[in-house]
Amino acid sequence: MSPPGNTGDAAGGASWFGRPVSLFNAFTNLMNSIGTLWVFGMMFLICADIFARNVFNHPLNGVPEIIAFSIAGTIYLQLANTLHAGRFTRAELLIDWLEVKRPLAGTLFNAIFNFFGILVFVVMVRGFWFEFADAWAENEIAGVPGTITFIVWPFYLLLVVGAGATGLEFVLRFLRDCSGTVRAVKAADEDGTRRKRGYGWLIALAGFATVIYLLTSAELTNAQIGILSILCMLILIYAGMPIGIALIVLGFCGIWMMKGNTIIAERMLPQAGAEYMKNYFFGVVPLFVLMGLLVSASDVGRETFQVARWALRRVRGGLGIATVAANAVFAAITGSSIASAAVFTRVATPEMMAQGYTARFSVGVVAGSSVLGMLIPPSLLLIVYGFLAEQSVGILFIAAVVPGLILSAAFALLILAMATWRPQWIGNVTVKDEDADTESILSAFLKLFPILSLVGLVIGGIYGGIFTPTEAGAAGSMGALIIGLLKRKLDWKTLWGVLVETGHITVSILFLILAANIYARMLALSGLPQQMGDFIGGTSLGFTGFIILYVIVLILLGMILDSISIMLIILPLALPVLAQFGGDPIWFGIVTVIAVEIGLLTPPLGITCYVVKATLNDDRITLNQIFLGAMPFAFIMLLVTILLIAVPELSLIFV
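Residue numbering for the sequence shown follows the numbering used here, beginning at 17 and increasing consecutively.
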């Protein structure tokens, strides 16, 4: 799954409302720009605090509090623009098919999804307004008394404005879809297909109404409500509802049904939306995203591949192994499989095909090895897991080092084995040795020095206890910015594009985490996770059986959902079971990330394969070839997962 593309101007009603809609769009763009610059400012503030603490032994007062409030503030500043850009994460398999094959049903379902988005943000705005009014009346302050304090009401006013703007964006999308539904009905009437094709969405609506009736009238236990919410969640997500909205709606409805009124549920949404997101450690997300994007824009990936190609030029399948090695080094900075796939599709695939490697092998190596970006620290998935499981992100990073090296070595051995015993799978390779004259140990060192320095700064700082993960993200972003400027790869336009993309990625991730927190509260209230743990513990399945079943479920979900969404859905159920068995949550996190990443290479979703296809833009290479080329790497990932389950100490060597 990928975030849906921009389906057109979300303010499709501009022709209806004219200038007011244009002014609203300009306002949300301004909010997004402020949030974008605010993230950049947080980087400088944290770096200044690090410098003052380590050089003058005098940290800046109140930085954690300022960053905590800033994280929540920037999210709501950029939320409406992120929605406008079509970056709210959702599964697109069914909704894309409906929009093409059944336009009436597609627009109707989108209208329903946007209507629920309106309701969610109406509740949030109402709750934030009460918080703002209380803070204003009481002149509430925050910070560190005696050192630095600041008034709180502007923060809540910012949340009111940001949530309100997002709700209005949903309103505009809802009106656009209603208009589209009317046009689709008229078109169906004109060509005489309405009667023939109109029953599907009517049946769907009837089914939806029936479910609502059962939910509001049936006498269900809390555990039954929890189970029903899981089924509804899978249906809504598969249908195409934005995943964050689906989780919030189901969390709200579940608590409403359990408590018999809406009061607690209404309080929970703004409380989670403000207090939960007001967390200093959430700063690790935008800062590591910013660092990865800055590195990607600085052409470091290309130079890393050039060095790996030179070092492995005489090895069988050397270019393939060089791609794995370059991905492993690049992963130690970007933390994103998508970024790795995009970079090395452009850098490595044309070079491999020019030397005689088959197209299937070339794209398969790039797609397969790019998954290292989500395992080798710093990793966005490990960051998300740390938040969901309430584990130290720094310890997770350290625990992932050995498994990341094992997976990299396994990929390299796979390529070497294919080149030795199945050379026809690789192709009629003609080795070009021009690198021997153009590259040297000194030039290779100079090319690798920037990225290795950055790796040492970030991972060494965390491992040495110099930085917290959030501070490491800020220091790494500053280092990546300096590298980009020194290499003259960052002009203002490129830098602004990096900052805007940082905001969109950050908001999409943190909004999902917020939604998962609300849904997890509902599940905890239902008692379902505890009952599942008791049930599994009372069977002959045992801990090993539970882990095997868990991995199978992750792989199956990976075929239809993206990695973060899978973790948001499954971890609130799995973690209590793990606790009952006494399993190590750090080891469990490494197993989870690798198993989830297998889904990046498997059809029908396989987002990494889609990224390779879109980046390559070569009609001669089909999506089917990319999936087939990536299959051996998915199999190796499964074997490594089994190895880590059998020998958990491999994940805990340095912990």
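A virtual CB, placed ideally from N, CA and C, is assigned to each residue, including glycine. Just so we're clear, the structure is a prediction, and the values are computed from it rather than from any experiment.
In this structure, does DSSP put residue i in helix, strand or coil?
i	result
Thr165	strand
Ala107	coil
Ile675	An answer regarding residue 675 cannot be provided, because it is not within the stretch 17 to 671 covered by the chain.
Gly78	coil
Val663	coil
Gly561	helix
Met575	coil
Arg330	coil
Lys509	helix
Leu430	helix
Met257	coil
Ser542	helix
Arg325	helix
Arg537	helix
Phe72	coil
Arg438	coil
Arg210	Caution is warranted here: a pLDDT of 48 is assigned to Arg210, below 50, making its placement in the model unreliable, and the coordinate value is therefore given only provisionally. In this structure, Arg210 counts as helix in the three-state DSSP scheme.
Glu319	helix
Asn640	helix
Thr484	coil
Ser295	The residue asked about is misnamed: residue 295 is Asn in this sequence, not Ser. In the structure shown, Asn295 sits in coil (DSSP, three-state: anything other than H, G, I, E or B).
Leu668	coil
Leu244	helix
Asp550	helix
Thr278	coil
Gln287	helix
Glu185	helix
Thr555	coil
Glu517	helix
Lys503	coil
Asp150	helix
Ser7	Because the chain spans 17 through 671 in this model, residue 7 falls outside it and cannot be assessed.
Gly599	coil
Under the DSSP definition of a beta bridge, which residues are partnered with residue i?
i	result
Tyr373	Gly443
Buried or exposed: where does residue i fall if 16 or more other Cβ atoms within 10 Å of its Cβ makes it buried?
i	result
Ala281	buried
Trp113	exposed
Leu655	exposed
Asp507	exposed
Met538	buried
Ala358	buried
Gly554	exposed
Val663	exposed
Leu572	exposed
Asp65	buried
Arg35	exposed
Ala488	buried
Leu584	buried
Gln440	exposed
Asn73	exposed
Asn126	buried
Ala425	exposed
Phe670	exposed
field: Touching by the beta-carbon criterion (3+ pairs, under 8 Å), the region 499-517 and the region 236-253
entry: No, the region 499-517 does not touch the region 236-253.
Report yes or no: do three or more beta-carbon pairs, one from the region 635-654 and one from the region 374-394, lie closer than 8 Å?
-> With a cut-off of 8 Å on Cβ pairs, the region 635-654 is in contact with the region 374-394, counting three or more such pairs.
- Message: Below 8 Å, how does it come out for the region 383-395 and the region 347-360: are there three or more Cβ pairs, yes or no?
- Response: They touch, by the three-pair rule.
(Q) Just to confirm the assignment: which complete alpha helix (DSSP H) runs, minimum length 4, are found wholly within the region 100-147? (A) Along the length of the region 100-147, whole alpha helix (DSSP H) runs at least 4 residues long occupy 109-117, reported in chain order.
Report the residue ranges of all alpha helix (DSSP H) runs contained in full by the region 604-633; include only those spanning at least 4 residues, in chain order. Whole alpha helix (DSSP H) segments, 4+ residues: 623-632.
Three or more beta-carbon pairs under 8 Å between the region 292-308 and the region 525-533, yes or no?
Taking a cut-off of 8 Å for Cβ pairs, the region 292-308 and the region 525-533 touch, as three or more such pairs fall below it.
>> My parser needs the alpha helix (DSSP H) runs of 4 or more residues fully inside the region 340-394; what are they?
In response: Whole alpha helix (DSSP H) segments, 4+ residues: 353-370 and 375-385.
field: the region 162-180 in contact with the region 307-318 per 3-pair CB rule at 8 Å
entry: Taking 8 Å as the limit for Cβ pairs, the verdict is that the region 307-318 does not touch the region 162-180.
Notebook entry, point to check: Pairing CB atoms from the region 484-503 with CB atoms from the region 55-73, are three or more of them under 8 Å?
Noted result: The region 484-503 vs the region 55-73: in contact.
message = Pairs of beta-carbons, one from the region 545-560 and one from the region 117-135, closer than 8 Å: are there three or more?
response = The answer is no - the region 117-135 does not touch the region 545-560, with fewer than three Cβ pairs under 8 Å.
- With a cut-off of 8 Å, do at least 3 Cβ pairs link the region 99-106 to the region 148-156? Touching, no.
message = For the structure I just gave you, are there three or more beta carbon pairs, one from the region 47-55 and one from the region 477-487, closer than 8 Å?
response = Between the region 47-55 and the region 477-487, the count of Cβ pairs shorter than 8 Å is below three; the stretches do not touch.
Checklist entry - Between the region 322-341 and the region 459-471, are three or more C-beta pairs nearer than 8 Å? => result With a cut-off of 8 Å, the region 459-471 and the region 322-341 count as touching, because enough Cβ pairs lie within range.
Next item on the list: Check whether the region 626-634 touches the region 422-434, taking contact to mean three or more Cβ pairs, one atom from each stretch, closer than 8 Å.
Entry: Under the three-pair Cβ rule at 8 Å, the region 626-634 does not count as touching the region 422-434.
| field | Touch test, the region 590-609 against the region 340-351, Cβ-Cβ under 8 Å, three pairs minimum | value | Taking 8 Å as the limit for Cβ pairs, the verdict is that the region 340-351 does not touch the region 590-609.
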